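Asker: Quick one: this structure, given as structure tokens, is what I'll be asking you about.
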Amino acid sequence: MVVLAVGASLAPTPAEAAPSLGWSAPAAFDFGRTPSAVSCASESLCVAVDNKGHAFSTSDPTSSNPFWSEAEIDHGEALTAVSCAPSGLCVAVDGHGHAFASPDPGSGAWSATTIPNGGKALTGVSCPTASLCVAVDEEGDVATSTSPASGAWTLASSHPGHHLTAVSCSSQTLCVAIDSTGNVLSSVNPAGGAAAWSPQRVDPGELLGVSCSAAGPCVAVDSTGDALASIDPAASAATWSLTPIDGERLTGVSCASSGLCVAVDGRGEALASDDPAAPIPAWSASSADSAPLAGVSCLPGGLCMAVDTAGRSLAARVPAPGATTLTPTEVTAASATLAGAVDPNDAVLGACRFEYGTGGAGGAYNQSLPCSVLPAATGGVQDVSAQLTELSPNTAYHYRIRASSPQGAGIGADEAFTTATSSQVPLVHPNPSITGTPASGQTLTCHPGLPAGASAQLTYAWLRDLIPIAGATGSSYGVKGQDTGHHLQCQVTATDGGGSFTAKSAFVTIPVGGVPASAGETSVGKAAFRSGQLRVPIVCSTQASGGCEVVLRLTVVETLSGGRIVAIAARSKRSAHKSAAAVRHRTVTLASVRVHLARGTHRTVVAALNATGRRLLAAMRRFTAYVYVSGTVIGVIEAQLAQQLVALSSSPRGASTHAARRR
């Protein structure tokens, strides 16, 4: 089945094209001869072959004028194709059924082997690993080798009537070959014989190049400037989309595992796409060369190497990542959730980190924290965050986001924040909740959940996976299509004469296509205290892919007058006493524990009183404390899970627990 991508009033929105490539000036390396193909194993090895039997290798393809070493490996014969596995093993083929292999092309040593296809002209070769190479010829034969370095080849299948022009294997279990009459032959078992290869007519013209990536679709190009893409090329009824991208004969295509695909033509043009299988794919054109391009090879770091028919090489890179620092989503006396946005620009990122330090904007960055998730190469602009803990209260901090790829680093602007004052106790504590239908196009309402009779100035914010949604600052929010598959919260800040307090609601999951995206969040049961131990039952979410990291903490507030403790309570209260200025409050941790729970498991987490807790309980006999539970909510999202009051008693029968707010 071939689907032609055409515009219509109800057609989906066109995909954004890949960043336009900036090409280096062509550098001559094959004087008087014509290169026919190029393949790069890494950013330190590219190999090209020509029509006179020469192989060229360079260890500095990223240079503006790379040095190519030359070796004559097939005297006077035309080498038609070359493929280099990620390990560095390279195999070239010629027009008389010969294959040439080298585990170290830079040394100039190549071993020759005759493929058992009767001396027919080989037209393509692909080596996804050092233990599999597949070659095709002009009369429909497919040959394979599980030990190409040793020269052992087997004629795997024959397809008379198919003039095969190229082959590409994304792995040992997926290969696609193309022919001169618009057919593709696909196999999940390349060495399994003729029955293991399934032919399918997908194009009315001549297919000239094909490339399959491990993380993306297979893309083929033809003689009339069309690109064909399939995400299921090995299916019994594979779907191939056809998109006109050029008015010129396309001579080759290469798709990196990052998702970036680049096609080249006979006019020196290069066309790039990071989503060639989109409903309406977009390809960006760049003028690379004045001579026809003979081949191209792209790597996941965003480097593409091309050769032209004038014996020259040229290279291009995608731009460095884009990085934007965002306002932190939550700041407390001891923690902050840092936020940013990153556009990898079609390259696999080497790192994504938040750099931070104390002081206002413009100060030094002496520490860093990795992003919670490394953005995907072709995902466009993606929100990222990181949880910063163990901060000092009432202290200024600043941070920025940095994302790097082989092309360079993208650095966001500096963002400053100040942690809260730990001794300030707000009078009003909101307990937000959300009502409404969690579906695209529906409206959700945030209820602040203030105590009865309380009055305060309220401000709202809506969050998507802990990242603030720009402009969403009202008590209601209209769910958008981009929210599907994500978790929404509302955040309420209540301010009155006693100060401010900010709290977030529980997560609301927006289903994708009517199917819930999660099976529930991590849940916390009722805390209990007995015999010097705090016990809290916890069920880890079944959607916490790496299990749940959970922190349990038991605290009280000591009220001191001078150096003497005059009261112990779960939370400090303002005193109306004349000498209140001499009274101070101190938060004391009585017990704490950090545990890891496997996904979906139920466990009662136990924390024993520390020395301070045992001393206070022996002196006071009975008092009330706060239990704080924080950790993994769902997926990799972390937040406060529960907040409960618990009564501590030195009597084994005097323990009790009070229900309290959750998040």
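For the record, in the sequence shown the residue sitting at position 210 is 196 according to the working numbering, with numbers rising by one throughout.
C-beta atoms are modelled at their ideal positions from N, C-alpha and C, and glycine is treated no differently.
Values in this document were obtained by computation on a predicted structure and should not be read as measured data.
#1: Return the residue from the list Ser88, Cys476, Thr375 that minimises the CA-CA distance to Ser321.
#2: According to DSSP, which residues form a beta bridge with Tyr385?
#3: If you reduce the DSSP assignment to three classes, tell me which class Gly599 lands in.
#4: When DSSP labels each residue in this structure, what does Gln477 get in the three-state scheme?
#5: What residue ranges within the segment 154 to 187 form continuous beta strand (DSSP E) runs of no fewer than 3 residues, ordered along the chain?
#6: Within 10 Å of its beta-carbon, does Thr181 have 16 or more other beta-carbons around it, so buried, or fewer, so exposed?
#7: Do Val370 and Gly326 have their C-beta atoms closer together than 7 Å?
#8: Closer than 7 Å, CB to CB, is Asp251 near chain D or not?
#9: So Ser76 is in the beta strand (DSSP E); what residue range does that whole segment cover?
#10: Compute the Euclidean distance between the alpha carbons of Thr225 and Ser112, then round it to the nearest angstrom.
#11: What residue range is occupied by the uninterrupted beta strand (DSSP E) comprising Thr545?
#12: Between Ser136, Ser154, Ala129, which has its C-alpha nearest Ser144's C-alpha?
#13: Please report the Cβ distance between Thr610 and Leu631, rounded to the nearest whole angstrom; I am assuming they are in contact, meaning their Cβ atoms lie under 8 Å.
#14: Can you tell which of Ala389, Ala628, Ser244, Gly343 has its C-alpha closest to the C-alpha of Tyr612?
#15: Using 8 Å as the Cβ pair cut-off and three pairs as the minimum, do the segment 90 to 105 and the segment 168 to 182 touch?
#16: Hey, Ala13 and Asn37: beta-carbon distance below 7 Å or not?
#17: What residue from Arg550, Arg589, Val581 has the CA that sits closest to His571's CA?
#18: Assuming contact is defined by CB atoms lying nearer than 7 Å, are Leu7 and Ala302 in contact in what I supplied?
#19: Does Arg187 pass the burial test, meaning 16 or more other C-beta atoms within 10 Å, or should it be called exposed?
#20: Could you tell me the distance, in whole angstroms, from the CA atom of Glu507 to the CA atom of Gln529?
#21: What does the alpha-carbon distance come out to for the pair Thr295 and Asp46?
#22: Can you give me the C-alpha to C-alpha distance between Leu584 and Arg539, rounded to a whole angstrom?
#23: Applying the criterion that 16 or more other CB atoms from any shown protein chain within 10 Å of the CB defines a buried residue, is Gly62 buried or exposed?
#24: Just to confirm the assignment, what range does the beta strand (DSSP E) spanning Ile101 have?
#25: Tell me, which residues are paired with Asp369 by DSSP?
#26: In angstroms with no decimal places, state the Cα-to-Cα distance between Gly297 and Cys284.
#27: Taking the DSSP output, what are the residues bridged to Thr618?
#28: How is Ala669 classed by DSSP in three states: helix, strand or coil?
#29: Shortest alpha-carbon distance to Ala206 belongs to which of Thr545, Thr20, Ser486, Cys155?
#30: DSSP puts Lys490 in a beta bridge; with which residues?
#31: Taking only three categories from DSSP, how would you classify Ser144?
#32: Would you grab the beta carbon distance between Pro361 and Ala425 for me? Rounded to a whole angstrom, and I think it's under 8 Å.
#33: What did DSSP end up calling Ala652 once you bin it into helix, strand or coil?
#34: Give every residue of the same chain whose Cβ lies closer than 8 Å to the Cβ of His582, excluding the five residues on either side of it in the sequence, and list them in chain order.
#35: If you draw a straight line from the C-alpha of Gly422 to the C-alpha of Thr575, how long is it?
#36: Cα separation between Leu236 and Leu214?
Answerer: In short:
#1: The shortest C-alpha separation from Ser321 is found at Thr375.
#2: Bridge partners of Tyr385: Tyr342, Glu401.
#3: Correct three-state label for Gly599: helix.
#4: Three-state result, Gln477: strand.
#5: Unbroken beta strand (DSSP E) runs of no fewer than 3 residues, entirely contained in the segment 154 to 187, are found at 160 to 165, 169 to 173, 184 to 187, following chain order.
#6: One point to set straight first is that residue 181 is Ala, not Thr, in the sequence displayed. Ala181 comes out exposed.
#7: Yes, they are a contact pair.
#8: Looking at the structure shown, chain D is missing, and only one protein chain is on hand.
#9: The question names Ser, but residue 76 is Cys in the sequence shown. Start and end: 76 to 80.
#10: Approximately 23 Å, taken between the alpha carbons.
#11: Segment 534 to 547, the beta strand (DSSP E) holding Thr545.
#12: Cα-wise, what sits closest to Ser144 is Ala129.
#13: Right, their Cβ atoms sit about 6 Å apart.
#14: For the residues Ala389, Ala628, Ser244, Gly343, the minimum Cα distance to Tyr612 belongs to Ala628.
#15: Contact fails: fewer than three Cβ-Cβ distances are below 8 Å.
#16: In this structure, the beta-carbon distance from Ala13 to Asn37 does not fall below 7 Å.
#17: Among Arg550, Arg589, Val581, the Cα nearest to that of His571 is on Arg550.
#18: It is a contact, given that the beta carbons lie within the stated cut-off.
#19: By the Cβ neighbour-count rule, Arg187 is exposed, with fewer than 16 other Cβ atoms within 10 Å of its own.
#20: Using only the alpha carbons, I get a separation of about 8 Å.
#21: Those two C-alpha atoms are separated by around 21 Å.
#22: Here residue 584 is Ala; the residue named in the question, Leu, does not match the sequence. Rounded to whole angstroms, Ala584 to Arg539 spans 20 Å at the Cα level.
#23: Counting of Cβ neighbours within 10 angstroms places Gly62 among the exposed residues, the total staying below 16.
#24: Segment: none, Ile101 is in no beta strand (DSSP E) and carries neither H nor E.
#25: According to DSSP, Asp369 bridges with Ala327.
#26: If you take the alpha carbons of Gly297 and Cys284, they lie about 19 Å apart.
#27: DSSP output for Thr618 lists Glu624 as bridge partner(s).
#28: The requested residue 669 is not part of the displayed model; the chain covers only -13 to 649.
#29: Looking at the Cα atoms, Cys155 is the closest of the given residues.
#30: Secondary-structure assignment with DSSP links Lys490 through a beta bridge to Gln477.
#31: Strand at Ser144.
#32: Between Pro361 and Ala425 a beta carbon distance of about 27 Å is seen, past the 8 Å cut, so the two are scored as non-contacting.
#33: No answer is possible for residue 652: the residues shown for the chain start at -13 and end at 649.
#34: Around His582: Gly533, Cys534, Glu535, Val536.
#35: Rounded to the nearest angstrom, the two C-alpha atoms are 39 Å apart.
#36: Taking the straight line joining both Cα atoms gives about 12 Å.
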